[in-house]
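So the sequence shown is numbered by the working numbering: it starts at -8 and just counts up by one.
Let me begin by presenting the structure, written as structure tokens, before commenting on it.
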Amino acid sequence: MSLHLTRQQTRQSIYSWWSDSNPNLKGPTINLHAITKPVLKFLYHRQALAVIKKTHDNNDPGLTIRVLEVYASYLPWHFISSSTKAAVLSEVAFRAVLSELDARIVINSPIFPQLMALFESPDSQIRASCCKVLGALCIRERTSSIVLQHKLCSPLVSLLYDQDVSVVGRAVYALSRMAKWEQGARAIVDTDALGRILELFKFSSLNQRWICELVARIASHASTSSDILKLEPCISLVSLLRDNDSREWALNSLSQISQSPDGVQAVVDAKAIHHLSPVLNSGDSFIKVQACKLLNRLASHKSTIPLIFPLLLPLLPDNDENIIGWVTSTLTEFAKYANGAQDILDADLTTHISRWIQASSWFIRNNACVLVGLLAEHSFAALSISALNLYSLLALPLRDSHPKVITSAVYTLSVIAKSSNGAQAVIEANLVEHILPLLGSRDDATLLRTCQLLGRLASHEPTFEAILKLNPCPLLLPLLRDCFDEHVVYWAMYTLSRLAKDSDGAQNVVDAGEIDNILKWLQVPRTTVQMSMCLLIGRLAHRASTAPAILALKPSAKLVPLLRSDDVEVISAATYALAAIAKWSESTEAVINAQVAEYLPQLLCSRDTATRERVCYLVGNLARAQPTAPVVLTIESPLLGTQPLVNSQLSSLLCDHESRVRVAAAFALKAIGEWPLADHGTVFANEVDDECPSA
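In structure tokens, the structure reads:
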């Protein structure tokens, strides 16, 4: 018996009744499958937007892996609409721009691996959105490098050939972000994309901003600059100056390219300056400012002065401080060159300086101070600057609220103070009272210029007394302890050594305390610092009133190694300091114990006059002291076999072409001759009283 199974009749669905399979239904029917797909797409789109909105409504502090997993679930499926995927990717890009942490979370999320597949999507909206995400990830160097590690530069470059112009625009945007970093710029160049990038200038439908930005950033890196510049992109950029919609970006790009000497040359060769006159006559102040920025960059090229200078003159009456700021900045570039400075004087532009010094913009005030200083650097302009009688007016920027203006004002005064007349004018204008407080500044640039100004004022006899009365020593010496800028230390030490030439100045240095900070700078490899330190030590050791303080520091052990220096001036200064220390019998043994004797023969035959003079005094002072005289007497000249120093090199210096060396040699031989054990082979007719050379 066979068992026949039959399906029980099920209740008919009201939905099935409307389907095509119902034979009893007459007339048109509804394809439920056709309706389901758009409805589902709509529902998923609404759901995705709700998820995005929820994160914003909850003031969510940032992305999480959980949220990104939800976002990623919308991306791989065909039944999810392109607009939904684009909305998700746009939200991811938005978050990656706002926060580096969010950008790094995106890199580690399931979304990042899906980007490669989405680049090949047939939908242009999705391809453009992928570019948007990569552009956001490339804003920061750390995440940009990860994008490059995953070789996503090539897919971006391939989209430059896309049929959809919006995709091309987004690809250019992403590449411009990537090119901000040298590694990214190099990757773009290596894909041979430069030719295609320059072709895009011909597409008027594209946003030229990001093309200009991309070109400028590739040109701004040393490793890729030559690659882009040899394709002459500046010609295309200059052509955009005639387009009101694009000239802003073209000007900005040309300015960025002009940051390097090769870039400046490329912009000049493209005749950019010839096209700037209409731009500067534009009624758009913002565009005029951009053009002035470009002129400022080009002004660093000396050959551009005759072309640029006439363009600046009509701008001087302008009331826009942004424009005047860049005009004055450009004039400072011209003032670095003699022909530029002469043009400024011939055009009588210095009459504007007093107005600029009192401008409300710190940028203009700063430029005005720098301009005066640079003009004063040229001897032919010094009289014109002096005739302006600006010294009392410079008291204003010395009290300025902006540190750069203060620094520039002090720089200007330090340039003026190079000459004795200029230094005297600074003192007579009562500007010194504003200078001393600046030594308490935390800005190294201000400290540098202040120390430089004080040093130059102290180096002129007519103004020395004014600085001596000011007594900056208590503020200068702590700089040797607290400041790590070698330039500041050099000028602080230079000023102290200048003051120490006078007995009262030397006493001020010692009384200020903290002279133990001097010795640590002897080990700094900067020769100018070493030289100033040696001179200060020598000047303090030279005087009976200040010698004990410096001798207590036992500087000989640190001075003698400087005799091996490659710098003649350091050797000479160290010899001077050792000669001054050796004046005092209690210190001669320390000098000998520092192994100075092995350097004496070589120093005596130095080509430097000051060194020969100073080593003679050093030998003489060592020979006058009982503990060290025997050592000096036994030093042999390597040039004359075993003959002692007294019979060889010292004697030969009596015939030196410099009289001061002959005097010093006579002093040394006299000191040796007075020692009982010495061989009195030479009779001296002249008494020599000097025990230490002047410095």
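Don't be surprised by glycine CBs; every beta carbon is placed ideally from N, CA and C.
Annotation: the continuous alpha helix (DSSP H) that includes N584 extends over 576 to 584.
The alpha-carbon of A588 is positioned some 9 Å away from that of V610.
For C525, the enclosing alpha helix (DSSP H) starts and ends at 518 to 533.
According to the DSSP assignment, L89 belongs to the alpha helix (DSSP H) that extends over 73 to 89. In the DSSP assignment, no residue is bridged to E368.
In the three-state DSSP reduction, E627 falls in the strand class (E or B). In this structure, the beta-carbon distance from G254 to A290 does not fall below 7 Å.
Counting other Cβ atoms within 10 Å of its Cβ, Q443 reaches 16 or more and is therefore classed as buried. In the three-state scheme derived from DSSP, where H, G and I count as helix and E and B as strand, Y481 is classed as helix. If you draw a 10 Å sphere on the C-beta of Y152, you find fewer than 16 other C-beta atoms in it, and that means exposed. Sorting P453, S399, L448 by C-alpha distance to the C-alpha of D435 places S399 at the top. The Cβ neighbour count for N287, taken over all protein chains shown within 10 Å, is at least 16; the residue is labelled buried. In the displayed model, G331 falls within a helix according to three-state DSSP. Counted as a single uninterrupted DSSP element, the alpha helix (DSSP H) harbouring I418 occupies residues 411 to 419.
Pairing L553 with A538 gives a Cβ-Cβ distance that is not under 7 Å.
Sequence-distant partners of L641 (beyond 5 residues in either direction) whose C-beta falls short of 8 Å from its own C-beta, in its chain, are L595, C607, V610, A656, A659, L660, I663. Taking the Cα of A84 as reference, the smallest distance to any Cα among E111, G53, H69 is reached at G53. Counting only the Cα atoms, A378 lies some 15 Å from D337. Annotation: the continuous alpha helix (DSSP H) that includes I248 extends over 238 to 248. Closest in C-alpha terms to R118, from the list Q105, C129, I130, comes Q105. In the three-state DSSP reduction, L513 falls in the helix class (H, G or I). Cβ atoms of S227 and L189 come within 8 Å of each other, at about 6 Å.
By alpha-carbon distance to A532, the top candidate from K327, V500, L307 is V500.
If only complete runs of 4 or more residues are kept, the region 152 to 180 shows the alpha helix (DSSP H) at 156 to 169, in order along the chain. Y62 sits in a helix when the DSSP states are folded into three classes. Cβ contact annotation for V551 (same chain, cutoff 8 Å, sequence separation greater than five): A565, L569, V582, A585, Q586, V587, Y590, in chain order. Taking the Cα of L439 as reference, the smallest distance to any Cα among D476, Q174, I56 is reached at D476. Ranked by how close their Cα comes to the Cα of R346, the residues V363, Q333, D334, N330 have V363 in first place. Separation of L389 and T342 (C-alpha to C-alpha, rounded to the nearest whole angstrom) is 21 Å. With a 10 Å radius around the Cβ and a threshold of 16 neighbouring Cβ atoms, A543 comes out exposed. R598 sits in coil when the DSSP states are folded into three classes, being neither helix nor strand.
Residue range 435 to 449 is occupied by the alpha helix (DSSP H) that includes C442. Taken through DSSP and simplified to helix, strand or coil, H265 comes out as helix.
Excluding sequence positions up to five before and after M524, its CB lies within less than 7 Å of the CB of M484, I509, W512, L513, all in the same chain and listed in chain order. A residue is called buried once 16 or more other Cβ atoms fall within 10 Å of its Cβ, and T437 is buried on that count.
Here K409 is not near L365, since their CB atoms are 7 Å or more apart.
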